[in-house]
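Read in order, the letters of the sequence shown correspond to residues 181 to 666 in the working numbering.
What follows is a set of notes on a single structure, which appears directly below.
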Amino acid sequence: MTIQEIKQGLEKRKFSAKEIAKSYIDRIKELDTKTQAFLTIQEDEALKEADIIDRKLAKGEKIGVLGGVPVAVKDNICTRGIKTTCASKILEDFVPPYNATAIEKLKEAGAIIVGKTNLDEFAMGSSTENSYFQKTRNPWDLSRVPGGSSGGAAASIAAGFVPLSYGSDTGGSIRQPAAFCGAVGLKPTYGLVSRYGLIAFASSLDQIGPITKTVKDCAIGLSAIQGTDKMDSTSVQKEIERDYLTDIEGDIRGLKIGVPKEFFMDGLDSEISKSVKEAIVRFEKMGAEIEEFSLPINRSGLSAYYIISSAEASSNLARYDGVRYGFRAEEFDGIEDLMVKTRNQGFGNEVKRRIMLGTYVLSSGYYDAYYKKAMQYRKKIRASFKEAFEKYDFILGPTSPVLPFKIGEKTNNPMEMYLADVYTVNINLAGLPAISIPCGFSESELPIGMQLIGDYFSEKKLFKAAFAIEQDLKIWDKAPKFEEGR
Ligand code: GLN
C-alpha cells in the first residue's frame, strides 16, 4: 500500500494501525530470510506504538502525517534504545542514548519504526557488501546486489516490507540503491534535513532522505523530517516549503530540462542509455523543453569526491578508539596499542582504506596536491551547476552507469566499485537536491533508474516533474519475484 492508502484506510477504520504494523512485520519475518535487508526488527515496540495510534484514532485525536505508517531506518541513524551499528563490528553493541532529529520528527509524525536496515559499513560502498553482518540481496534478483550504501533501505521498499524507508546519501547512497531496486529515492538539498544523530561519514556531504515506491510517498516522507534544527548548525535557516503535494499533479509544459551530453558517454550501459532516452522523449511529449548541453564534469568528480569524503571520514572516525564507546580489543599493551588493536579489529577493509586515503590527502606535503585541488574542483562544479540552472529547471540523466551487478562481482576491484557513483557524487559536492525515479527495466527484468537534479531547495518542482513521468510510465506497481539468477 502507499502511505496515502494506509492513512485513508486507518481513517475509515478499514483496518487498525496494529493490523497494519503486524502484517508488514509478518511479511518481513517471512521474506527477509531471502533478502537480508534488516539488521534489527522492532516487533514489540512497533505493535505498542501502533496501539497508541489506534487509541488516538478511537478518541478522534490527530495522529500526525505518518500516523500508523510502518517505517524502516538505515542503521547509521541514531535511535534511542535501539541498536545502531553502522553495520560495523566497532559499533556492534552500540545503543544510542538519544534519537537523531529525523527520528524525533518521525515519532512526532506518528510513524511506526519497525526496524533498522543494513548498509555498507559506515555508509562506505555501493553494494551493501561491506556490511560486517550480512549481504543484502536485491529482491528483483537475489543473486544481485541492491546497491549501496542504503541497500537495506532500498531493498525493503522493493520487497514491500515498508512503504517508507530512510537512507543517507553522501555520494549517491540513496539514489543508486533506489535505482537498483526500482524505488524512488531523494537526496535533499544539503541542510534541508538535520544531520544531528546521523553517524557522520563526510559531514559536508551527508544528508538523510526518503526511499519509497511512489513519488507522492517520497514527498510525504521528506516533509516529515525536514526543517531547521538548533542541533545542526548547517541546517536550513530560512522559510522552507512545507506542502509538496499541492500542485504535484499540475502539468509540466514549458519546463526546461537540460541533458548533459557527458552523462551519455563511454561506460554507460546501453540498456540504461536507451531507457533514459525514452523517458526524455516522454518528457518532451508532455510539453517539457529538452536541450542537450555540456556540463564539464567528468570522472574528476569521482576523484574529488573520494578525496574529500575520505578526508572528512578519517577525521570523523577518529572517535572510535576503544576508549569512549563501542568495541574494544580484548588484549592490549598500553593505550596506544589499545587504539591500534581496537581499530584494526573493529573496522573492515573498505573503512580502513578510506581512513588511510583520508589521512594521506590531509598530511602536510600532500594537502596542497590533493585536498586543496579537490576543494578547488568542488568550487568549479558548483559554478557549473549554477550556470546550468540559469537556463534549465532540471538536469536529467541516468542514476547509475550500470545495472544491479552480481554479488561478489566488484568486491575485488574498489576502483570499479567507485565508478558506479559517477553520476551521483557531483550533486553532493554541490549540495544540490536530486531524485532517482524508476524509468524502465532491462531485458532481464532488472530495474533502471533516472536522476532529476534540481537547483537548491527546488524539491517541490522536482517532485512535480518526477510525478509526471511516473504517471506517464505507469510501472510503479510492478513487483519483484524474489528469484535467483538472471
Ligand atoms: N558509494 C559512495 C561511497 O562509497 C557513496 C556512499 C554514500 O553516499 N554514503 O562513498
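C-beta: ideal position from N, C-alpha, C; glycine also.
Secondary structure remark: continuous alpha helix (DSSP H) runs of at least 4 residues inside the region 316 to 357, in chain order: 331 to 338. Residue 387: member of the beta strand (DSSP E) spanning 387 to 392, first to last residue. Looking at 520, 196, 204 and 647, the one whose alpha-carbon comes closest to that of residue 431 is 647. Residue 405 places its beta carbon 9 Å or farther from that of residue 295. In this model, residue 457 and residue 576 are separated by some 10 Å (Cα to Cα). With the rule of 3 Cβ pairs closer than 8 Å, the region 578 to 596 counts as touching the region 318 to 332.
Residue 252: member of the beta strand (DSSP E) spanning 250 to 254, first to last residue. Here the distance from the Cβ of residue 486 to the nearest heavy atom of the ligand GLN is below 8 Å. Looking from the CA of residue 597, the closest CA among 329, 251, 246 and 653 belongs to 329. Per DSSP, residue 192 lies in no beta strand (DSSP E) and is assigned neither H nor E.
A Cβ-Cβ separation of about 30 Å leaves residue 339 out of contact with residue 493 under the 8 Å criterion.
The beta carbon of residue 328 sits closer than 8 Å to at least one heavy atom of the ligand GLN.
Just so you know, the alpha carbons of residue 321 and residue 664 end up roughly 5 Å apart.
Under the DSSP definition of a beta bridge, residue 220 partners with 296. Residue 238 counts as exposed, since fewer than 16 other C-beta atoms from the protein chains shown sit within 10 angstroms of its C-beta. A distance criterion of 8 Å places the beta-carbon of residue 585 beyond contact range of the ligand GLN, judged by its closest non-hydrogen atom. Unbroken alpha helix (DSSP H) runs of no fewer than 4 residues, entirely contained in the region 507 to 583, are found at 515 to 526, 529 to 542 and 553 to 571, following chain order. In the DSSP annotation of this structure, the continuous segment of the alpha helix (DSSP H) that includes residue 395 starts and ends at 395 to 405. Annotated three-state conformation of residue 597 is helix, per DSSP.
Residue environment analysis places residue 465 among the exposed positions, since fewer than 16 neighbouring C-beta atoms fall within 10 angstroms of its C-beta. Cα atoms of residue 615 and residue 388: separation of roughly 13 Å, rounded to the nearest angstrom. In this structure, residue 381 has its beta carbon less than 8 Å from a heavy atom of the ligand GLN. Non-local beta-carbon contacts of residue 637 in its own chain, meaning distances under 6 Å to residues more than five positions away in sequence, involve 369 in chain order.
Excluding sequence positions up to five before and after residue 202, its CB lies within less than 7 Å of the CB of 227, all in the same chain and listed in chain order.
Residue 580 places its beta carbon less than 9 Å from that of residue 452.
Under DSSP, residue 471 shares a beta bridge with 438.
Contiguous alpha helix (DSSP H) elements confined to the region 589 to 653 occur at 594 to 599, 605 to 610 and 639 to 653, taking only those with 4 or more residues. In the structure shown, residue 237 falls within a helical segment according to DSSP collapsed to helix, strand and coil. Burial check for residue 474: the Cβ neighbour count within 10 Å stays below 16, so the residue is exposed.
Taking all protein chains shown into account, residue 433 has fewer than 16 neighbouring C-beta atoms within 10 Å of its C-beta and is therefore exposed. With a cut-off of 8 Å on Cβ pairs, the region 415 to 423 is in contact with the region 629 to 645, counting three or more such pairs. Distance from the Cα of residue 355 is smallest, within the candidate group 182, 654, 467 and 601, for 601.
In this structure, the ligand GLN has a non-hydrogen atom nearer than 8 Å to the beta-carbon of residue 598. Following the DSSP letters along the chain, one finds residue 366 inside the beta strand (DSSP E) bounded by residues 364 to 367. For the options 620, 635, 488 and 236, the alpha carbon positioned closest to that of residue 351 is the one of 488. Contact check for residue 574 against residue 634 passes: the beta carbons are separated by less than 9 Å.
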